[in-house]
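Enquirer: Just dropping this structure here.
Protein chains: 2
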Amino acid sequence: MDQLFAKLSDILGPGGLLTGDDAADAAKSVWTRLGQPLAVARPRSTEEVSALLKACHAAGVPVTPWGGRTGLVDGAFATGAVAILTDRMNRIEEIDKQGSTMTVQAGCVLQTACEAAEAQGLFLPLDLGARGSATIGGVVSTNAGGNRVLRYGMTRDMVLGLEGVLADGTIVSALNPLIKNNTGFDLKQLFIGSEGCLGIVTRVVLRLRPQPTSQDAAFLAVETFENLPRLLRLFERELSGTLSAFEVMWREFYELVTTEPAKGRPILPHGAPFYVLVETLGADQAGDSERMERALEKALEAGLVADAVVAKSKAERDRMWALRDDVAQVARNGPVFTFDVSLKISAMEAYLAGLKAALLERWPNATMVVFGHLGDGNLHIIAGVGERSARKAVEDLVYGHLQKVGGSISAEHGVGLQKRDYLACSRSPEEIALMGRLKAMFDPRNILNPGKVLEPAEAPAAGPELASAETGLLG
Amino acid sequence: MDQLFAKLSDILGPGGLLTGDDAADAAKSVWTRLGQPLAVARPRSTEEVSALLKACHAAGVPVTPWGGRTGLVDGAFATGAVAILTDRMNRIEEIDKQGSTMTVQAGCVLQTACEAAEAQGLFLPLDLGARGSATIGGVVSTNAGGNRVLRYGMTRDMVLGLEGVLADGTIVSALNPLIKNNTGFDLKQLFIGSEGCLGIVTRVVLRLRPQPTSQDAAFLAVETFENLPRLLRLFERELSGTLSAFEVMWREFYELVTTEPAKGRPILPHGAPFYVLVETLGADQAGDSERMERALEKALEAGLVADAVVAKSKAERDRMWALRDDVAQVARNGPVFTFDVSLKISAMEAYLAGLKAALLERWPNATMVVFGHLGDGNLHIIAGVGERSARKAVEDLVYGHLQKVGGSISAEHGVGLQKRDYLACSRSPEEIALMGRLKAMFDPRNILNPGKVLEPAEAPAAGPELASAETGLLG
């Protein structure tokens, strides 16, 4: 290992390789388990990533990419691995105003990229809670979603070009800036959302949009579940092209975030089973506000909405979003487990009812709090059963019920280590076998973020160093 | 071969295997070279596709998928192969109104799928000239683009789930209906746009949108190239979310489609260097028309537009689109070669000027007609030099100049056989090598549409039958 570290130090220059206490310090996170990396490597360029991968590949030593380390599925757990921290590769290399694209290094923080686009009158529409720490490399590697997927898609839909490094150090540079490019297999898709298991993302070209100049929001109370998709489709239709969010809070969530000690206060009275936050982004404030009012009137006339408030100012809009974002209140239910799933809207009501009944049957004091991006079929479920040790039993229920309705165990957070053992709930044996074959082809020595997404196929082919690292990783 | 045919006949049932004259008849097409398939197989189900692939795989006999056979790059050329015609797998299996998705078999004609969605108040926004013959399997396998990519994306962006069959007959079913689904590697991306080289698409789940109820169009004359991207960004901004097309016709194209014997007549006088067709789709006819007028006023005030007409009726809109679609007029320039490329908007003007100069230098009577989806960076270039035999020389110029500006040799048509030899103009050696490794992994016996996209890696591993087929294919 000393020999490898000396080599990596050479490649990475001063401050480029953290070991011992420095590495342990870098591995402290409140968000996610980072484990105990062998070392933390801080490359400054794609070429350095390539050289360090080549060295690790030759030595059979695993690597785990680190961006903002705000993931929620232990995808950056690095025990037994060299962590590749991208904090020295954080430049915005180019913003092409005519082409409406930006070229960004993997370590650039999402919010920094968003602000740089905005300064040019452009818009990078990826919006998520971790925006201030998550990196571009991280959101690309995990195909992050967030609040505006309904209109702008997932991260995958914003990536036009990508440069990545393969396990053996080969640089695959495909920094295409074009919306249309049908020249053979779309290799970048294998880097996007594969959580660092097939290659390390070093740079991307992102598609930008025009910066919206108007914003509207409304807060609604809804009496029945079946009115939710009707309402969604009504808004999609009436607010053609401008609907940017359709967030639903189940009663329990709304009550938690609007009662002491939460800072938020009710926007509409308690008592309705569902609350919806609707948002539009546009370019014509007067006209857009009128449309929102008109769409709401139609919804009221159709009996889809029991009560509604339209935000009259930025402060009121912010207040609505603040409720939606005050997820921390769920901790008031004691130890809880959070889930990020997606399923057909038509299956949601029965799924949640069945799951809640199953939880209550086993733990009579169980709590279940639900909210989510309904427009994307994405629900966040927070379950508390009073015991931290019950995680697996709760997971079995959540994912077991989900499997029956063809849902996805990960809508936007990814698989990482946490959901790996449940992958078969959402993917067929043929799919998992094919993923395994891809993994084996891209990473024959299993050094790329091993153990994430897929179980390691077999005993690694490398020397004793890797074997002990693996043991640590799986321990 | 007789033994294989007997087996395929068994699998496919009555009318399921066409040979001899019947196969030759099926291979007649005005659009594309289909070659002389060994036979034409017409499976009725995914299971039959699986069984027939298993048989062909065992025998080492190539297969080439056939949908509507309206491709433009000889991607369905089937000499030496069994063509898999999907015309008996053409059902729309489900339309989920709440979830706004449809599940469709590969052989369903695009227009049929669009109409079925429309009947439910929903919208499948893929729109291209071949809509009446192209199939869903074909548009997915080639990642078709078309007129509304600017707003709705390519076919790739509409596919939520996909079922495909691998070379050895393994069915990989991932009929996910969810917008958000981050459970491991996104395998469907390897089937989309890979032109049947990695697997055969059998079914897909498509994302639908609300059916627009308003439509506006305007026709503009523009004096300088640099005003085009400014105009595009102005419309994108002002018509937030509703801009669905921004089509540019260069002077020569506009004159061809508005003079005898073309049926079209000028909408604006001849003489401007560029004409633009702008379209919006929305849900508020009065409000949307007002916005279009207002955006146009801003464009006129900013000096971006020299002259403009707004369509006042569907007939007027149709007349605008009819000009754009009357591509057949380019045949009046004698034998021509058509190109489908994309490049950065900022590089377009110099690229076209350089290319035209190079064509004229070599062929003083050369013609070059240009039009395209400027919003996507996608240009269609029609070059005529008077000699049909000059194809390669013209290709060398078009792609050679394109390579210098980092353009793409195929924006939306794909690579097929026609562009294969130029792949290196748009993809790096590392990318091509990685594509080759994927091909070898997915299709070790090289039976899946061999020779398309990539050159066959080496002498096939199969028996003499395959060897002779290969010879035919490459002849």
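Taken in order, these protein sequences are the chains called A and B. Sequential numbering of the first sequence, starting at -10, is according to the working numbering. Sequential numbering of the second sequence, starting at -10, is according to the working numbering. We put the beta carbon where it would ideally sit given N, CA and C, even for glycine.
#1: In chain order, what residues of the same chain lie with their CB nearer than 8 Å to the CB of residue 394 (chain A), ignoring the 5 residues before and after it?
#2: Mind pulling the chain B residues with CB within less than 7 Å of residue 132 (chain A)?
#3: Excluding the five sequence neighbours on either side, which residues of its own chain have a C-beta within less than 6 Å of the C-beta of residue 344 (chain B), listed in chain order?
#4: May I ask which residues mark the beginning and end of the beta strand (DSSP E) holding residue 294 (chain A)?
#5: With 16 other CB atoms within 10 Å as the buried threshold, where does residue 468 (chain B) fall?
#6: I'd like to know whether the C-beta of residue 408 (chain A) is nearer than 9 Å to at least one C-beta of chain B.
#7: Residue 238 (chain A) touches chain B at which residues, Cβ-Cβ below 7 Å?
#8: In three-state DSSP terms, what is residue 144 (chain B)?
#9: Select from the region 250 to 277 of chain B all residues with a C-beta closer than 9 Å to any C-beta belonging to chain A, and list them in chain order.
#10: Measure the Cβ-Cβ separation of residue 180 (chain B) and residue 427 (chain A) and say whether it is below 9 Å.
#11: Determine whether the Cβ of residue 400 (chain A) lies closer than 9 Å to any Cβ atom of chain B.
#12: Roughly how many angstroms lie between the CA atoms of residue 93 (chain B) and residue 18 (chain A), to the nearest whole one?
#13: Roughly how far, in whole angstroms, is the beta-carbon of residue 416 (chain A) from the beta-carbon of residue 172 (chain B), given that I think they are within contact range, below 8 Å?
#14: Who are the neighbours of residue 333 (chain A) on chain B, taking C-beta pairs under 9 Å?
#15: Applying the criterion that 16 or more other CB atoms from any shown protein chain within 10 Å of the CB defines a buried residue, is residue 170 (chain B) buried or exposed?
#16: On the DSSP bridge list, what partners appear for residue 271 (chain A)?
#17: For the structure I just gave you, are there three or more beta carbon pairs, one from the region 262 to 278 of chain B and one from the region 226 to 245 of chain A, closer than 8 Å?
#18: Distance check for residue 109 (chain B) and residue 300 (chain B), CA to CA, integer angstroms please.
#19: In the DSSP assignment, what are the bridge partners of residue 407 (chain A)?
#20: Would you list the residues sitting across from residue 190 (chain A) in a DSSP beta bridge?
#21: Check the Cβ of residue 367 (chain A) against every Cβ in chain B and list those closer than 9 Å, keeping chain order.
#22: Would you list the residues sitting across from residue 329 (chain A) in a DSSP beta bridge?
#23: Tell me the residue span of the beta strand (DSSP E) that contains residue 90 (chain A).
#24: Check each residue of the region 128 to 155 of chain B: if its Cβ is closer than 9 Å to any Cβ of chain A, include it; give the result in chain order.
#25: Is residue 163 (chain A) close to chain B, meaning its C-beta is less than 9 Å from at least one C-beta of that chain?
#26: How many Å lie between residue 467 (chain A) and residue 132 (chain A) at the Cα?
#27: Are residue 26 (chain B) and residue 71 (chain B) closer than 9 Å when you measure CB to CB?
#28: Keeping to the same chain, check which residues put their C-beta closer than 6 Å to that of residue 138 (chain A); ignore five residues upstream and five downstream.
#29: Where does residue 235 (chain A) sit, in a helix, a strand or coil, going by DSSP?
#30: With 9 Å set as the bound, which would you pick, yes or no: does the beta-carbon of residue 82 (chain A) sit closer than that to a beta-carbon of chain B?
#31: Using a Cβ distance threshold of 8 Å, determine whether the region 236 to 243 of chain A contacts the region 354 to 364 of chain A, with at least three qualifying pairs required.
#32: Mind checking who residue 54 (chain B) pairs with in its DSSP beta bridge?
#33: By alpha-carbon positions, which one of B:369, B:213 and B:326 ends up nearest to residue 355 (chain B)?
#34: Can you list, in chain order, the residues of its chain with a C-beta nearer than 7 Å to that of residue 380 (chain B)? Leave out the 5 residues immediately preceding and following it.
#35: If the criterion is Cβ atoms closer than 9 Å, does the pair residue 64 (chain B) and residue 20 (chain B) meet it?
#36: Give the interface partners of residue 404 (chain B) over in chain A, defined as CB-CB distance under 9 Å, in chain order.
Expert: Taking the coordinates as given:
#1: On the first sequence, position 405 is the one that residue 394 (chain A) refers to. Result list for residue 394 (chain A): 332, 333, 336, 339 and 340, in chain order.
#2: The sequence position of residue 132 (chain A) within the first sequence is 143, counting from 1. The answer, in chain order, is 171.
#3: Along the second sequence, one-based indexing puts residue 344 (chain B) at 355. Contacts found: 390.
#4: Here residue 294 (chain A) refers to the residue found at position 305 of the first sequence. Residue 294 (chain A) -> no beta strand (DSSP E), and no H or E assigned at all.
#5: There is simply no residue 468 (chain B) to check, as chain B begins at -10 and stops at 464 in what is shown.
#6: The sequence position of residue 408 (chain A) within the first sequence is 419, counting from 1. For residue 408 (chain A), the answer is yes, since a Cβ of chain B falls inside 9 Å of its Cβ.
#7: For the purposes of this step, residue 238 (chain A) is identified with residue 249 of the first sequence, where counting begins at 1. Simply none; closest approach about 18 Å.
#8: Translated into the one-based positions of the second sequence, residue 144 (chain B) becomes position 155. In the structure shown, residue 144 (chain B) sits in a helix (DSSP, three-state: H, G or I).
#9: 269, 270, 271, 272, 273, 276 and 277
#10: Counting from 1 along the second sequence, the entry for residue 180 (chain B) is found at position 191. Counting from 1 along the first sequence, the entry for residue 427 (chain A) is found at position 438. Going by C-beta atoms, residue 180 (chain B) is not nearer than 9 Å to residue 427 (chain A).
#11: To locate residue 400 (chain A), count along the first sequence from 1; it is residue 411. With 9 Å as the cut-off, residue 400 (chain A) counts as an interface residue toward chain B.
#12: As a position in the second sequence, residue 93 (chain B) is number 104, starting the count at 1. As a position in the first sequence, residue 18 (chain A) is number 29, starting the count at 1. Going by the C-alpha atoms only, they are around 46 Å apart.
#13: In the first sequence, counting from the first residue as 1, residue 416 (chain A) sits at position 427. In the second sequence, counting from the first residue as 1, residue 172 (chain B) sits at position 183. The Cβ separation is near 6 Å, so the contact holds.
#14: Here residue 333 (chain A) refers to the residue found at position 344 when the first sequence is read from its first residue. Going along chain B in sequence order, the residues near residue 333 (chain A) (Cβ under 9 Å) are 85, 87, 88, 90, 166 and 167.
#15: Counting from 1 along the second sequence, the entry for residue 170 (chain B) is found at position 181. It is buried - the Cβ of residue 170 (chain B) has at least 16 other Cβ atoms within 10 Å.
#16: Your numbering for residue 271 (chain A) matches position 282 in the first sequence. Paired residues: A:203.
#17: yes
#18: In the second sequence, counting from the first residue as 1, residue 300 (chain B) sits at position 311. In the second sequence, counting from the first residue as 1, residue 109 (chain B) sits at position 120. Approximately 28 Å between the Cα atoms of the pair.
#19: Translated into the one-based positions of the first sequence, residue 407 (chain A) becomes position 418. Bridge partners of residue 407 (chain A): none, in fact.
#20: Here residue 190 (chain A) refers to the residue found at position 201 of the first sequence. DSSP output for residue 190 (chain A) lists A:153 as bridge partner(s).
#21: Start at 1 with the first residue of the first sequence, and residue 367 (chain A) comes out as number 378. Neighbours of residue 367 (chain A) on chain B, chain order: 167, 168 and 169.
#22: Reading the first sequence from its first residue, position 340 is the one you call residue 329 (chain A). Looking at the DSSP assignment, residue 329 (chain A) forms a beta bridge with A:369.
#23: If you number the first sequence from 1, residue 90 (chain A) lands on position 101. Unbroken beta strand (DSSP E) run through residue 90 (chain A): 90 to 94.
#24: 131, 132, 133, 134, 138, 139, 140, 142, 143, 145, 146 and 155
#25: Here residue 163 (chain A) refers to the residue found at position 174 when the first sequence is read from its first residue. Yes, contact with chain B.
#26: Nothing about residue 467 (chain A) can be reported from this structure: the residues present for chain A run from -10 to 464 only.
#27: If you number the second sequence from 1, residue 26 (chain B) lands on position 37. If you number the second sequence from 1, residue 71 (chain B) lands on position 82. It is a contact, given that the beta carbons lie within the stated cut-off.
#28: As a working mapping, residue 138 (chain A) is identified with position 149 in the first sequence. Cβ neighbours of residue 138 (chain A) beyond the five flanking positions: 365.
#29: Translated into positions along the first sequence, residue 235 (chain A) becomes position 246. Three-state result, residue 235 (chain A): strand.
#30: As a working mapping, residue 82 (chain A) is identified with position 93 in the first sequence. No, residue 82 (chain A) does not count as interfacial toward chain B.
#31: yes
#32: To locate residue 54 (chain B), count along the second sequence from 1; it is residue 65. B:73, per the DSSP bridge assignment.
#33: Here residue 355 (chain B) corresponds to residue number 366 of the second sequence, with the count starting at 1. Checked all of B:369, B:213 and B:326; the closest Cα to residue 355 (chain B) is B:326.
#34: One-based indexing of the second sequence puts residue 380 (chain B) at position 391. The residues are 326.
#35: Numbered from its first residue, the second sequence carries residue 64 (chain B) at position 75. Numbered from its first residue, the second sequence carries residue 20 (chain B) at position 31. No, they are not a contact pair.
#36: Here residue 404 (chain B) corresponds to residue number 415 of the second sequence, with the count starting at 1. Those are 171, 172 and 173, listed as they occur along chain A.
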